[in-house]
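Mapped onto numbering that gives the first Met the number 0, the consecutive letters of the sequence shown carry residue numbers 0 to 194.
A virtual CB, placed ideally from N, CA and C, is assigned to each residue, including glycine.
Treat the numbers as computed from the prediction; the structure is a model and nothing was measured.
Have a look at the structure below, then the notes.
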Amino acid sequence: MQIKNARFLKSMKKEADYPSLDMHEIAICGKSNVGKSSLVNYLTNNSKLAKISSSPGKTRLVNFFVVNEEFLLVDLPGYGFARVSKDEKKSWAAMIEGYLSHSKQLRALMVLLDIRHNPTADDKLMFEWAAHFGISVIIVATKADKIAKTKRHAQLDMIKKSISGGVDYPIVAVSSQNRFGAESLLDEIEKALTI
Ligand SMILES: Nc1nc2c(ncn2[C@@H]2O[C@H](COP(=O)(O)OP(=O)(O)OP(=O)(O)O)[C@@H](O)[C@H]2O)c(=O)[nH]1
Ligand SMILES: [Mg+2]
């Protein structure tokens, strides 16, 4: 699949803001700062589409982007960010879980994990939610430029093994910075959209 065009549609905080467009959705979740918004920009070849920051907690709402006028890419707020209040953490969890439980058009959830690290308890919770709601998962190992090419395969294996049921999920290593991995990831997205 090729992405020819992409545009920001809207942000949503509560169910009532849910877009009324009848399109399939591919959502992106992951720990704060893992590279979700950077991935949106890399995949759509538009460095200004989603806002990026070196400090975690940048994306605070559910953001919808229309891709190829065909499907929606959904950038979710990051979790696991220590420096926010308990109330705010609760509101983020509610936003993410609310989105996952209400989306009728969600075809796959990309769970982003930093290729260098073991999945956290929050990451594991995302896999549990996905399994609970029957959502297909694509694991995306981000910031792959940060480790040597020769070590990537072993890291991907380690990530898969650390997730119960994760062995069956497709996994793709990407680098939004050095711009690689998009082709394999877009193949997985296309598969999820056509099932
Ligand atoms: N080296 C490297 N850095 C990256 C890559 N992708 C993102 N980053 C950096 O990681 C930081 C966070 O990127 P974002 O895309 O804003 O992360 P996010 O997951 O959207 O973060 P929140 O919105 O806070 O949850 C920024 O400083 C990016 O430049 C990558 O592939 N390689
Ligand atoms: Mg973000």
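- Counting along the chain, no alpha helix (DSSP H) covers N4, and no H or E run does either.
- By the beta-carbon neighbour count (other beta carbons within 10 angstroms, threshold 16), N67 is exposed.
- For G34, the CB contacts under 7 Å within the same chain, skipping 5 residues up- and downstream, are L111, T141, K142, S175 in chain order.
- The region 89–141 is shown to contain whole alpha helix (DSSP H) runs of 4 or more residues at 120–132, in chain order.
- DSSP places M22 outside both helix and strand once states are collapsed to three, so it counts as coil.
- If you look at L71, you'll find it in the beta strand (DSSP E) that goes 70–74.
- Distances from the alpha-carbon of A92 to those of Y78, S100, V83 put Y78 closest.
- Boundaries of the alpha helix (DSSP H) around A181: 181–193.
- Remark: C-beta atoms of V139 and A129 do not approach each other more closely than 8 Å.
- Around S46, the same chain offers N40 as residues with beta carbons nearer than 6 Å, after the five sequence neighbours per side are excluded.
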